[in-house]
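Here's the structure, in structure tokens; my notes come after.
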């Protein structure tokens, strides 16, 4: 009877994951009245976890610092009067508070290895779907554009603009393929962040799982080549190098094969499709007028004591938008813009704790051969690396990061509790990270 109850619960848990995850990742622009689908799901999760009661879970220092960061963010924007702007209030409840709910609810929802693996399966489906839709859009398939717009209609104007470029010879078409993420930048974020999560089987001895790993590297390489996101390429290459540094037993051959699948297959597409191999688009260009002016704009910003003290979180005029676009393309300068020097210092501490915890989990998981957790943690680190050159980051609120981060902590927690159980049975305990439980 108890076994049947467990199976029944796992069945409904799987159905719940299929419903919750897509809305958390992609529901920000599906609106139901004044609320987005993401907000409805998130606040529903909050009500559910409160109803189910509390647990013995204590947030890590990184999560605690995120709460402190939000408090400082609100206080400073109250002082500079930005908090009375409707756009600020909308961002607070639709972005940051949703992220806070994820950090509160996920430890109460993901308590077993089965639940973590169910979440991974849903993310794997999303990764493959995004890759397929991206390739369809690259070939100007009406179905590809229709699927992308239906799942995430964030940038309909950009999508229409993208389609118009397929009638010309412009390389710009390669930099606006959004997949199911709404924008090419979001697509690059998703592919680069999820690549380590999808390829943790690289450490597995089963050949079938190795084939999955090679296929994921190939898909990532193809899509990064198509969408022309340079930082996505840089992060993916950094991940490949980190695999070499973290090699265990003898996966070197697999790593080399994965690199070949990623690079050779992706960059041989020109031959396959009969295109000019010299046209590498944005991937071959280091010129960027927007980012090259960062130091100049930052210098002007620092010369204004009021902005340094309280930030300048406004996007009303064309000048404000320029400031947002330039300083926003780095997670630290964006924190400075959002709330001045005090918010920046708070964010530096937050960023430090997040990186330290994730690196410790990667090393611990490698030692304990907990490769799924290592892949989740590596995905979070890839996101943090990506945010050094783009506007989406922890400082602006990213549900994708906090979902992965909480899954990482919970997966690690499950492994640690298993080690503790062995210790209770008389086996020697293993070291664990300082900031995990």
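Numbering (my numbering), first residue to last: 8 to 444. Think of the CB as a built atom: it goes at the ideal place given N, C-alpha and C, for glycine as much as any other residue.
### Task
Could you tell me which of 238, 317, 113 sits nearest to residue 57, measuring between CA atoms?
Here residue 57 corresponds to residue number 50 of the chain shown, with the count starting at 1. Checking every option, the nearest Cα to that of residue 57 belongs to 113.
### Query
Taking contact to mean at least 3 C-beta pairs separated by less than 8 Å, is the region 101-108 in contact with the region 72-84?
yes
### Task
Please go through the same chain and pick out, in chain order, the residues whose beta-carbon is closer than 7 Å to the beta-carbon of residue 428, but skip the five residues on each side of it.
Taking the chain shown and counting its residues from 1, the one referred to as residue 428 is at position 421. Counting only Cβ-Cβ distances below 7 Å, and skipping sequence neighbours, we find nothing.
### Query
Can you tell me whether DSSP reads residue 42 as helix, strand or coil?
Taking the first residue of the chain shown as position 1, residue 42 is located at position 35. Residue 42 falls in the strand class under three-state DSSP.
### Query
In terms of residue numbering, what span does the alpha helix (DSSP H) encompassing residue 342 cover?
Locating residue 342 in the chain shown gives position 335, counting from the first residue. Run containing residue 342: 338-375, per the alpha helix (DSSP H) assignment.
#### Entry: Rounded separation between residue 124 and residue 135 - CA only
Here the question's residue 124 lines up with position 117 in the chain shown. Here the question's residue 135 lines up with position 128 in the chain shown. Taking the straight line from one Cα to the other gives about 17 Å.
### Task
Determine the burial state of residue 311: buried for a count of at least 16 other Cβ atoms within 10 Å of its Cβ, exposed for fewer.
Translated into the one-based positions of the chain shown, residue 311 becomes position 304. So residue 311 counts as exposed.
### residue 239, buried or exposed, once every other Cβ within 10 Å from all chains shown has been counted against 16
For the purposes of this step, residue 239 is identified with residue 232 of the chain shown, where counting begins at 1. Result: buried.
### Task
For the alpha helix (DSSP H) containing residue 200, list its first residue and its last residue.
Residue 200 sits at position 193 when you count from the first residue of the chain shown. Counting along the chain, residue 200 sits inside the alpha helix (DSSP H) bounded by residues 191-205.
### Task
For the alpha helix (DSSP H) containing residue 152, list its first residue and its last residue.
Here the question's residue 152 lines up with position 145 in the chain shown. Where residue 152 is concerned, the enclosing alpha helix (DSSP H) stretches over 149-158.
### Message
Quick check: does the Cβ of residue 230 come within less than 6 Å of any heavy atom belonging to the ligand ZN?
### Response
Inclusion of the ligand ZN in the displayed structure is not the case, the ligand content being empty and no account of it being possible.
### Task
Just mark residue 306 as buried or exposed, buried being the case when its beta carbon has 16 or more other beta carbons within 10 Å.
One-based indexing of the chain shown puts residue 306 at position 299. Exposed, because fewer than 16 other Cβ atoms sit within 10 Å of the Cβ of residue 306.
#### Entry: Residue nearest to residue 406 in terms of C-alpha spacing, selected from 200, 210, 184
Here residue 406 refers to the residue found at position 399 of the chain shown. Residue 406 has its Cα closest to that of 200, out of 200, 210, 184.
### Task
May I ask you to verify whether the region 184-191 touches the region 229-243, counting CB pairs closer than 8 Å and requiring at least 3?
yes
### Query
Which residue from 361, 86, 50, 153 puts its Cα closest to that of residue 189?
Along the chain shown, one-based indexing puts residue 189 at 182. Nearest of 361, 86, 50, 153 to residue 189, Cα basis: 153.
### Query
Helix or strand or just coil, what does DSSP make of residue 123?
Taking the first residue of the chain shown as 1, we reach residue 123 at position 116. Reduced to three states, the DSSP call for residue 123 is helix.
#### Entry: Where residue 146 falls, given that 16 or more other Cβ within 10 Å makes a residue buried
The sequence position of residue 146 within the chain shown is 139, counting from 1. With fewer than 16 other Cβ atoms within 10 Å, it is exposed.
### Query
The alpha helix (DSSP H) spanning residue 67 covers which residue range?
Position 60 of the chain shown, counting from 1, holds the residue named residue 67. From DSSP, residue 67 is part of no alpha helix (DSSP H); its letter is neither H nor E.
### Query
Cα separation between residue 221 and residue 46?
To locate residue 221, count along the chain shown from 1; it is residue 214. To locate residue 46, count along the chain shown from 1; it is residue 39. Distance between the alpha carbons of residue 221 and residue 46: 36 Å.
### Query
Leaving out the 5 sequence neighbours to the left and right, which residues in its chain are closer than 6 Å to residue 356 when beta-carbon positions are compared?
Walking along the chain shown from the start, residue 356 turns up at place 349. Cβ within range, chain order: 72.
### Query
Of all the CB atoms in chain D, is at least one closer than 7 Å to the CB of residue 231?
In the structure shown, chain D cannot be found, because there is only a single protein chain.
### Task
Find the nearest neighbour of residue 194 within the set 397, 359, 318, 388, judged by alpha-carbon distance.
As a working note, residue 194 is residue 187 in the chain shown. When each option's Cα is compared against that of residue 194, the closest is 397.
### Query
Taking C-alpha atoms, which residue in 43, 50, 86, 149 lies nearest to residue 316?
If you number the chain shown from 1, residue 316 lands on position 309. When each option's Cα is compared against that of residue 316, the closest is 86.
### Message
Taking contact to mean 3 or more Cβ pairs, one atom from each stretch, closer than 8 Å, check whether the region 400-417 and the region 339-355 are in contact.
### Response
yes
### Task
Pick out whichever of 237, 393, 386 has its Cα sitting closest to the Cα of residue 413.
Translated into positions along the chain shown, residue 413 becomes position 406. Of 237, 393, 386, the residue nearest in Cα terms is 386.
### Task
With a threshold of 16 other CB atoms inside 10 Å of the CB of residue 157, please say whether the residue is buried or exposed.
Position 150 of the chain shown, counting from 1, holds the residue named residue 157. Under this definition residue 157 is an exposed residue.
### Message
With H, G and I counted as helix, E and B as strand and the rest as coil, what does DSSP make of residue 137?
### Response
Locating residue 137 in the chain shown gives position 130, counting from the first residue. Of the three classes helix, strand and coil, the one that applies to residue 137 here is helix, per DSSP.
### Message
Taking its Cβ as the centre, do 16 or more other Cβ atoms sit within 10 Å of residue 55, making it buried, or is it exposed?
### Response
Locating residue 55 in the chain shown gives position 48, where the first residue counts as 1. With fewer than 16 Cβ atoms within 10 Å of its Cβ, residue 55 is classed as exposed.
### Query
In the structure shown, what three-state DSSP assignment does residue 330 receive?
Position 323 of the chain shown holds residue 330. Here residue 330 sits in helix by DSSP.
### Message
Using a 10 Å radius around the Cβ and a threshold of 16 neighbouring Cβ atoms, would you call residue 148 buried or exposed?
### Response
As a position in the chain shown, residue 148 is number 141, starting the count at 1. Exposed is the call here.
### Message
Between residue 217 and residue 208, how many whole angstroms is the CB-CB distance? I'm expecting something under 8 Å.
### Response
Counting from one through the chain shown, the residue named residue 217 turns up at place 210. Counting from one through the chain shown, the residue named residue 208 turns up at place 201. Correct: roughly 7 Å between the Cβ atoms.
### Query
What number of angstroms, rounded off, separates the C-alpha of residue 421 from the C-alpha of residue 205?
Against the chain shown, residue 421 aligns to sequence position 414. Against the chain shown, residue 205 aligns to sequence position 198. CA-to-CA, the gap between residue 421 and residue 205 works out to about 20 Å.
### Task
Starting from the Cα of residue 75, find the closest Cα among 49, 107, 98, 89 and give me that residue.
Here residue 75 refers to the residue found at position 68 when the chain shown is read from its first residue. Of 49, 107, 98, 89, the residue nearest in Cα terms is 107.
### Sequence-distant residues of the same chain with beta carbon closer than 6 Å to residue 69, five excluded per side
Working through the chain shown from its first residue, we reach residue 69 at position 62. If we look at residue 69 and ignore the five residues flanking it on each side, its Cβ neighbours are 360, 361, 364.
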